[in-house]
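**Student:** In the working numbering, the protein residues as written are 222 to 377.
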């Protein structure tokens, strides 16, 4: 810095009316620098936490990481198989319901309407006591309860 630029940074303070010298305030540049330093520190801490999390993962032996991945793939495959089994059983039960309804002279529309009414009955009961005459197990009711908002959208 040249001597002239250093002198331009000075401000001559005026005394207060009572004769006391005014208390200097931090300049905007210093306040901005402090705020930026705090922001950089917060960013540093966030990045540090992220790196620590990655280090934790990378510290595991590769065979453990792959084993966890394989377990997740097995679980996904099991759920996929379960979904296929459930879909097949639902289609088979629908066919049985339609065949029985036809023998009694009940239309497909009536069967579907009754099924929707039963589903809505389970979804809209507040005390979780509706089990369709004992055909829905307590564990199944608990599972349904966890997904009620989604299921309500499906059974409108």
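Beta carbons are placed, not taken as given, at the ideal position from N, Cα and C, and that holds for glycine.
As the structure is a computational prediction, the values presented were derived from the model and not from experiment.
Whose C-alpha, out of 373, 240 and 262, is nearest the C-alpha of residue 339?
**Tutor:** Comparing Cα positions, the closest option is 373.
**Student:** Is residue 356 helix, strand or coil by DSSP?
**Tutor:** The answer is coil: DSSP assigns residue 356 none of H, G, I, E or B.
**Student:** Can you round the beta-carbon distance between residue 313 and residue 332 to whole angstroms, since I take them to be within the 8 Å contact cut?
**Tutor:** With 8 Å as the limit, residue 313 and residue 332 do not qualify as a contact, their Cβ atoms being about 15 Å apart.
**Student:** For residue 343, is the classification buried or exposed, using 16 other Cβ atoms within 10 angstroms of its Cβ as the cut-off for buried?
**Tutor:** Answer is buried; the Cβ neighbour count reaches 16.
**Student:** Determine whether the Cβ of residue 350 lies closer than 7 Å to any Cβ atom of chain C.
**Tutor:** The structure shown contains no chain C, having only a single protein chain.
**Student:** Rounding to the nearest angstrom, what Cα-Cα distance links residue 286 and residue 299 in this structure?
**Tutor:** If I take the Cα positions, the gap works out to 20 Å.
**Student:** Might you give, ordered along the chain, the residues of its own chain that have their beta carbon closer than 8 Å to the beta carbon of residue 278, omitting 5 neighbours on each side?
**Tutor:** Closer than 8 Å at Cβ, skipping near neighbours: 286.
**Student:** Quick test of your reading: residue 376 and residue 341, contact by CB under 8 Å. State the CB separation rounded to the nearest angstrom.
**Tutor:** Yes, they are in contact, since the Cβ atoms of residue 376 and residue 341 sit about 6 Å apart, within 8 Å.
**Student:** Under the three-state reduction of DSSP, which class applies to residue 376: helix, strand or coil?
**Tutor:** Coil, per DSSP.
**Student:** From what residue to what residue does the alpha helix (DSSP H) around residue 341 run?
**Tutor:** Start and end: 329-345.
**Student:** As a quick exercise: from 306, 324, 305 and 329, pick the residue whose alpha carbon is nearest that of residue 315.
**Tutor:** Nearest of 306, 324, 305 and 329 to residue 315, Cα basis: 329.
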